[in-house]
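Below is one structure; the comments refer to it alone.
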Amino acid sequence: MRVIPISLLSHVRGLIRRGPSSRWYVVPALSRTNITISHSEHVKEGTFDYKSLELNEIGVLRVLNSMKDDPYLALSFLKRIEGNVALPSVQAYATVIRIVCGWGLDQKLDTFLVELVRKGDAGRGFSVMELLNAIGEMEQSLVLLIRVSTALVKAYANLELFEEAIDIFFRTYHSLGRAPDIKVLSVLMNRMIASGRTDMVVGVFWEIERLGLYVDAHTYVLVVQALCRNDDKEGVDKLLIRLLNSETRNPCVFYLKFIEGLCLNQMASMAYLLLQPLREVNILVDMSDLGIAYRRVVRGLCNEMRIEDAEKAFLDMEEHGIDPDVYVYSAIIEGHRKTMNIPKAFDIFNKMVEKGKRINCVIGSSILQCCCQMGNFSGAYDLFKEFRELNIPLDRVCYNVAFDALGKLGKVEEAIELFREMTGKGIAPDVINYTTLIGGCCLQGKCSDAFDLMIEMDGSGKTPDIVIYNVLAGGLARNGLSQEALETLKLMEDRGVKPTYVTHNMVIEGLIVAGKLDKAEAFYESLEHKSRENDASMVKGYCEAGCLDQAFERFIRLEFPLPKSVYFTLFTSLCAEKNYISKAQDLLDRMWELGVKPEKSMYGKLIGAWCRVNNVRKARQFFEILVTKEIIPDLFTYTIMINTYCRLNELKQAYALFQDMKRRDVKPDVVTYTVLLNSNPELDMKREMEAFDVKPDVVLYTIMINRYCQLNDVKKAYALFKDMKRREIVPDVVTYTVLLKNNPELDLTREMKAFDVKPDVFYYTVLIDWQCKIGDLKEAKGIFDQMIESGVDPDAAPYTALIAGMGLYVRRSHL
DNA sequence: ATAGGGTTAG
């Protein structure tokens, strides 16, 4: 009998592998080999002494069986002979699987099966079904088989072999009368969705439904997700109806999970849709369950930025006697903040306060952020002080927003003071706190303070991250300290924080804004990989520094498209400068050339720019270009053009354009009509406006009143004035000024007070003017003083009126 | 248990 040691076998295998079908060569050869095993001989403290091993197929099985108390050993043994000998038999695999399962090592089983599946039938010499059969022959109980099937489905799913996964799933059910663990369905479906095979998800689901298998809530969520991706509204309806009518073992738990799952998968609207019938049919009857569901839904809606829906659900839940918790309030406030509806965020906050809810530091910092987002930094700081006085426990986030606000107000010293107060209270600062402070210092040019803070942070053992380095490097550059900025880059690199293009951009833009154009260019040139973001930054830097020529020149020589925001920045800068408007137009041409679609607002902006400098011809030219490109100008563009024609008194053109926009289905709004009527009060637009459902506003009424006044038709003017009030359109100070100017003897003071309309400079000027004209200089001066007293800042006009009045007075007294 | 803060970019 020949005995082949394993080490030798590996050489043999190398030779054999050259043959076309190695397997059939080796197995018979091996079966002739013999083995002698003594358990104690080759097991040494958990490792296997392979060298002493000699084996054949039956021997392998014997060895494996002897390892049933050590699954890891069994696994590594199998792996070893996989690599060295002929392919192990299906029994060998089955044995190992039994051992691994017996020890409950599910994860090990999973990875083992993934590898096994990956090999393919040819690679292992038997099919997966053969393996299952082999296991079935060894094992009486179904439990093991089910577990292996489950793991197989998972393995196939992970390898995106969906057909096979489905096949095993249903085959198991049909041959054993029991399905694999239903949880594996969510793994499978998850994978299918990730690969875009939503059709398969739905197919599998309906088949499972047909078989009457119990499916968990998470799987339902995935099916809904798949149906939504398929845009299959009917399917969703069918599913929900099916769900509501089905008997579930523990409906409340199930539905809560389902609702939660929907909310976690961007389908909070559907969750809300489901919540209501569930409440009505008393499935969610327990107040605490209903509360959980409602809170989830509201938070989900907020996360999806469906803030209006969230508010609706919020009101609904209050109506049903459920108190929103602090997390719900927080979500709604954040939702409003993120959608830039700051007043609404404050509304909710005030509502909380009114209800006597305790404000915590999270809500506090949210609301402070709201102030900052409005640009009201001092308001933020005031509010912070208020919180502090109310003894609301404040944490480092809250403090951070507060001293960030101070920094942005230019009060770095106070910011640092507040920071010291925080640390004094025992609140440990983090890297973000330091970043905020350093940013604030750099903003005020206090770079050495920034350095000190960096050193202080280092001393406290905090590890600087990419952001703080970026802020520091950018801040130094912005203060013209190019050397130091570059050193910071080196420093961070040395410390294992690799600068990114963001870092580079901050330095680039900083240097340019600081006027260090050469340094910026040199830095740009020094970059190893120049990304288009870097090019964009050069352009943006030049824009911010007001170097439009450089910005434009740099931009125009780039052969590839840049991120869209750059075009916008450059374009806006160019449009704002009288002499660069044609360059702005060049930019649009260039975008078209590069295949970048300009934002629609850019067209309007350019036309607006031409109109602003009264070059209606250029505006019109560009307008026509749009037409040839089949781009329909929007309402604003039309209106601004019409306005320009009106201003230049080319009324025919204005009117033609007006007809043109209606022909193209661009609906005029109240501004359009205001513009037209302002220059041509003879037009009768009443019926048309009604047809378009355009309601006149204060401005429209005011210009109409003004027109009639100018035509000396005071009666009509006054009738309009009454009419607007009848329609509950509140006159503003301009309306009153117009009226007063044409009927100086009117006393409008009382009415204005009633409407809470405060007189402004113009109004006072008209009053002063009139008093001067009738020669009551004293009264005129009195009105002037009254104006100052009421806090209205005079511009040149009231002075001019007074002086003119004095002149008139002098002349009069000479007569 | 679930929430909020610093650069840029979008």
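Using the numbering used here, read the first sequence as starting at 284 and increasing by one per residue. Glycine included, every Cβ here is placed at the ideal spot set by N, Cα and C.
Here the C-alpha atom of residue 1073 lies approximately 15 Å from the C-alpha atom of residue 1016. Contact annotation: residue 923 and residue 941 have beta-carbon atoms that are not nearer than 8 Å. Segment contact: the stretch 745-755 against the stretch 776-788, three or more CB-CB distances shorter than 8 Å; contact assigned. Under the three-state reduction of DSSP output, residue 612 falls in the helix class.
Of 375, 383, 420, 371, the smallest CA-CA separation from residue 406 is found for 371. Listed in chain order, the alpha helix (DSSP H) elements of length 4 or more contained wholly in the stretch 982-1047 are 997-1009, 1016-1025, 1032-1037. Here the stretch 705-713 makes no contact with the stretch 664-674; the two share fewer than three CB pairs at distances below 8 Å. Taking residue 592 as the centre and dropping the five residues before and after it, the same chain places the C-beta of 584 closer than 6 Å to its C-beta, in chain order.
For residue 385, the enclosing alpha helix (DSSP H) stretches over residues 373-385. Rounded to the nearest whole angstrom, the CA to CA distance from residue 549 to residue 437 is 25 Å. DSSP places residue 437 in the helix class (H, G or I) of the three-state scheme.
Residue 588: not part of any alpha helix (DSSP H); DSSP gives it neither H nor E.
Within the model, the alpha-carbon separation for residue 463 versus residue 347 is close to 27 Å. Between residue 1060 and residue 1090, the gap from beta carbon to beta carbon reaches 8 Å or more.
If you ignore the 5 residues before and after residue 648, its C-beta comes within less than 6 Å of the C-beta of 680, 681, 684, all in its own chain and listed in chain order. Following the DSSP letters along the chain, one finds residue 910 inside the alpha helix (DSSP H) bounded by residues 899-911. By the C-beta criterion, the stretch 805-820 is judged not to be in contact with the stretch 828-836, since fewer than 3 inter-stretch pairs fall below 8 Å.
In the three-state DSSP reduction, residue 830 falls in the coil class, being neither helix nor strand. Inclusion of residue 796 and residue 837 in the CB contact set at 8 Å is not warranted, their separation being larger than that value. Here residue 1047 is near residue 1081, since their CB atoms are less than 8 Å apart. If you draw a straight line from the Cα of residue 523 to the Cα of residue 880, it comes to about 42 Å. Assignment of residue 529 by DSSP, reduced to helix, strand and coil, places it in the coil class. The Cβ-Cβ distance between residue 802 and residue 765 falls below 8 Å. Separation of residue 403 and residue 453 (C-alpha to C-alpha, rounded to the nearest whole angstrom) is 20 Å.
Restricting attention to beta strand (DSSP E) runs no shorter than 3 residues, the stretch 728-774 encloses none.
Boundaries of the alpha helix (DSSP H) harbouring residue 400: 389-407, taken from the DSSP string. DSSP, reduced to helix, strand and coil, places residue 966 outside both helices and strands of the structure shown, so it counts as coil.
The Cβ-Cβ distance between residue 915 and residue 953 does not fall below 8 Å. Distance from residue 485 to residue 513 at the Cβ level is roughly 7 Å; contact confirmed, criterion being Cβ atoms closer than 8 Å. The residues 690, 695, 698, in chain order, have a CB closer than 6 Å to that of residue 723 in the same chain once the five nearest residues on each side in sequence are set aside.
Take residue 983, set aside five residues on each side of it, and the residues of its chain with a beta-carbon closer than 8 Å to its own are 953, 956, 957, 960, in chain order. Approximately 11 Å separates the beta-carbon atoms of residue 526 and residue 542; this is outside 8 Å, ruling out the contact.
Around the beta carbon of residue 1018, a 10 Å sphere encloses 16 or more other beta carbons of the protein chains shown; the residue is thus reported as buried. The way I'd put it, the stretch 893-905 does touch the stretch 930-939; three or more beta-carbon pairs between them come closer than 8 Å. With a 10 Å radius around the Cβ and a threshold of 16 neighbouring Cβ atoms, residue 574 comes out buried. Between residue 554 and residue 580, the CB-CB gap stays under 8 Å.
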